[in-house]
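Enquirer: Residue numbers (this note's numbering): 2 to 442. Before I ask anything, here is the structure I am working with.
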């Protein structure tokens with residue numbers, strides 16, 4: 002009971018701005034997850050070869066890379082609220098175009114634009130959470146943001162994806178005219194559902210508009226000042242394991258819906274419940290992180306969860322039974338992704354306050370850059386394996402083992418630096434509180 006009371010007390014520390022931000026993340030996430038579950042299956046049903054299917058995700062990832070360098074200036078100069086409103090507009094437009102016009106060229110171009118907006122969204126989240134939360138509420142803020150942004154929205158989105166696709170397909174019958182084209186009922190089901198996803202993303206404008214925020218910290222600074230990083234070596238160390246994980250993740254993670262379609266012959270209505278179950282358990286996994294981190298520390302929790310995920314990935318490669326593959330997929334996702342919010346907060350606390358934007362962008366882009374390269378390579382490896390996933394899964398396992406080895410080498414030292422920095426910050430805050438108000442700086 003005490004642990005539950007402490008958890009509730011931690012949630013009460015979250016500010017109004019944080020709750021509004023989390024609401025926007027949830028609504029955007031539902032639309033995005035509907036899209037992510039269905040898009041690759043839609044491309045496969047269009048009869049596109051594997052390299053073209055995976056190239057759409059690669060263009061999405063490429064868009065995220067293109068914004069990395071400008072993002073440091075953009076996030077420093079503009080308020081998060083203004084940027085979020087732009088992100089919602091661009092992302093919704095990108096999703097709409099991909100649903101309205103079912104051609105490979107449109108998919109690639111719209112995916113590129115959506116990748117730019119979503120990458121900017123992910124990069125500004127960590128500095129925003131740091132600014133809007135107290136040290137006591139910070140772990141809860143990061144955990145909730147991760148839980149709401151992917152698994153909770155994914156649970157709802159996965160359910161809606163299968164249901165809406167089926168209902169729209171039944172409504173259309175054998176064929177229907179859609180945006181001047183005569184399309185089959187099945188294709189109409191995909192495209193109409195993607196339009197619903199675009200509309201849901203657009204709804205995030207409502208909570209974002211209610212956020213009250215001070216001017217951006219970098220307002221008035223020169224571009225050179227915004228690019229300055231005080232702890233370059235530490236920043237590089239934080240990005241190194243993310244680079245290796247990015248290679249492995251880029252080969253497999255965006256294509257698990259295709260995995261269940263190719264390896265086990267499942268349709269969208271059969272795949273959706275698998276993702277729903279995974280997302281539901283992942284929500285619980287994320288919400289448990291504050292309790293585990295307080296007891297064992299961030300480094301032990303991160304590394305242990307990643308090590309425990311490896312046997313389940315091996316089972317996905319072996320493919321003995323469908324029920325075992327489903328269980329392995331869910332367990333692997335929950336364990337490997339559990340470390341994500343912890344690492345984001347850890348990276349922010351390791352670096353000085355003036356480097357918040359830089360560390361958020363570098364940690365995100367370190368994984369994203371190699372994730373993008375792997376997206377392009379994945380389709381060719383799957384085609385080389387005759388449409389199977391054995392090669393990409395084994396390669397992913399090797400990457401994750403290497404990343405865990407790197408983390409074991411560097412994270413304990415970074416954690417000592419993090420604890421020292423937090424202790425100094427706490428002593429400084431206590432000393433300022435004890436001073437007379439006239440002496441406060």
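Beta carbons: idealized from backbone N, C-alpha and C, even for Gly.
1) What span of residues does the beta strand (DSSP E) with residue 185 cover, start to end?
2) Could you tell me the distance, in whole angstroms, from the CA atom of residue 120 to the CA atom of residue 68?
3) Under DSSP, the beta strand (DSSP E) around residue 179 begins and ends at which residues?
4) Using a Cβ-Cβ cut-off of 6 Å (strictly less than) and excluding sequence neighbours within five positions of residue 13, which residues of its own chain qualify?
5) So for residue 215, helix, strand or coil by DSSP?
6) Over the uninterrupted alpha helix (DSSP H) stretch that includes residue 373, give me the two end residues.
7) Give me the Cα-Cα distance between residue 351 and residue 416, rounded to the nearest whole angstrom.
8) At the level of alpha carbons, what is the spacing between residue 340 and residue 116?
9) Between residue 309 and the rest of its own chain, which residues show a CB-CB distance below 7 Å, the 5 nearest in sequence each way excluded?
10) Just the Cα atoms here: how many angstroms apart are residue 279 and residue 272?
11) Whole alpha helix (DSSP H) runs in the segment 50-112 with 4 or more residues, listed along the chain?
12) Under 8 Å by Cβ, that's how I've got residue 201 and residue 99 pegged, so tell me the actual separation to the nearest angstrom.
13) DSSP three-state label for residue 277, please.
14) Can you grab the Cα-Cα spacing for the pair residue 304 / residue 409, in whole Å?
15) I believe residue 251 touches residue 379 by the beta-carbon criterion, under 8 Å. Please report the beta-carbon distance rounded to the nearest angstrom.
16) Taking residue 187 as the reference, give the member of 206, 268 and 418 with the closest Cα.
17) Please identify the residue among 411, 49, 420 and 32 whose C-alpha is closest to the C-alpha of residue 243.
18) Quick check on residue 51: buried or exposed, where buried means 16 or more other Cβ atoms within 10 Å of its Cβ?
19) Check this for me: beta carbons of residue 91 and residue 62, under 7 Å apart or not?
20) Check each candidate in 79, 236, 80 and 175 and name the one with the smallest Cα separation from residue 363.
21) Does the separation of the CB atoms of residue 158 and residue 35 fall below 7 Å?
22) When burial is assigned at 16 or more other CB atoms within 10 Å of the CB, is residue 175 buried or exposed?
23) Using the rule of at least 16 other Cβ atoms within 10 Å of the residue's Cβ for burial, across every protein chain shown, is residue 330 buried or exposed?
24) When burial is assigned at 16 or more other CB atoms within 10 Å of the CB, is residue 357 buried or exposed?
25) Could you tell me how far apart the beta carbons of residue 314 and residue 383 are, in whole angstroms, since I believe they sit closer than 8 Å?
26) Quick one, are the C-beta atoms of residue 147 and residue 287 less than 7 Å apart?
27) Any C-beta of chain C sitting closer than 7 Å to the C-beta of residue 418?
28) Taking the alpha carbon of residue 165 as the reference point, which residue from 399, 28 and 39 has its own alpha carbon closest?
29) Let me check you understand the geometry: is the CB of residue 373 closer than 6 Å to at least one non-hydrogen atom of the ligand MG?
30) How about residue 144 and residue 290: do their beta carbons lie closer than 7 Å?
31) Measuring alpha carbon to alpha carbon, tell me which of 110, 319, 254 and 81 ends up nearest residue 96.
32) In its own chain, which residues sit with a C-beta less than 8 Å from the C-beta of residue 306, not counting the 5 before and 5 after it?
33) Are the Cβ atoms of residue 302 and residue 293 separated by less than 7 Å?
34) Between residue 283 and residue 152, which are expected to be in contact by the criterion C-beta below 8 Å, what is the C-beta distance as a whole number of angstroms?
35) Between 254, 76, 360 and 259, which has its C-alpha nearest residue 333's C-alpha?
Expert: A quick look at the data gives this:
1) Where residue 185 is concerned, the enclosing beta strand (DSSP E) starts and stops at 182-185.
2) So the two alpha carbons sit approximately 7 Å from each other.
3) DSSP places residue 179 inside the beta strand (DSSP E), whose first and last residues are 176-179.
4) Excluding five sequence positions before and after residue 13, none of the CB atoms of its chain fall closer than 6 Å to its own CB.
5) Coil at residue 215, not helix or strand.
6) Residues 357-385.
7) Their Cα atoms are separated by approximately 7 Å.
8) Their Cα atoms are separated by approximately 23 Å.
9) Counting only Cβ-Cβ distances below 7 Å, and skipping sequence neighbours, we find 336.
10) Residue 279 and residue 272: Cα-Cα distance of roughly 11 Å.
11) Within the segment 50-112, the complete alpha helix (DSSP H) runs of at least 4 residues fall at 51-67, 69-78 and 81-101.
12) Under the criterion of beta carbons closer than 8 Å, residue 201 and residue 99 do not qualify as touching, at roughly 14 Å.
13) Residue 277: helix per DSSP, three-state reduction.
14) The alpha-carbon of residue 304 is positioned some 8 Å away from that of residue 409.
15) The beta-carbon separation of residue 251 and residue 379, rounded to 7 Å, stays under the 8 Å limit for a contact.
16) Of 206, 268 and 418, the residue nearest in Cα terms is 268.
17) Ranked by how close their Cα comes to the Cα of residue 243, the residues 411, 49, 420 and 32 have 411 in first place.
18) Counting of Cβ neighbours within 10 angstroms places residue 51 among the buried residues, the total reaching 16 or more.
19) No, they are not a contact pair.
20) The shortest Cα separation from residue 363 among 79, 236, 80 and 175 belongs to 236.
21) Cβ atoms of residue 158 and residue 35: closer than 7 Å.
22) Around the beta carbon of residue 175, fewer than 16 other beta carbons sit within 10 angstroms, so the residue counts as exposed.
23) With 16 or more other Cβ atoms within 10 Å, it is buried.
24) Buried, because 16 or more other Cβ atoms sit within 10 Å of the Cβ of residue 357.
25) About 16 Å; that fails the 8 Å criterion.
26) Judged by their CB atoms, residue 147 and residue 287 are nearer to each other than the 7 Å cut-off.
27) This model lacks chain C altogether, as it is built from one protein chain only.
28) Comparing Cα positions, the closest option is 39.
29) No copy of the ligand MG occurs in the structure displayed, which carries no ligand at all.
30) Taking 7 Å as the Cβ cut-off, residue 144 and residue 290 qualify as a contacting pair.
31) Of the candidates 110, 319, 254 and 81, the one whose C-alpha sits nearest the C-alpha of residue 96 is 110.
32) So the list reads 336, 337, 339 and 340, once near-sequence residues are dropped.
33) Against a cut-off of 7 Å, the Cβ pair of residue 293 and residue 302 comes out as a contact.
34) Contact annotation, residue 283 with residue 152: C-beta distance approximately 4 Å; criterion of less than 8 Å satisfied.
35) Among 254, 76, 360 and 259, the Cα nearest to that of residue 333 is on 254.
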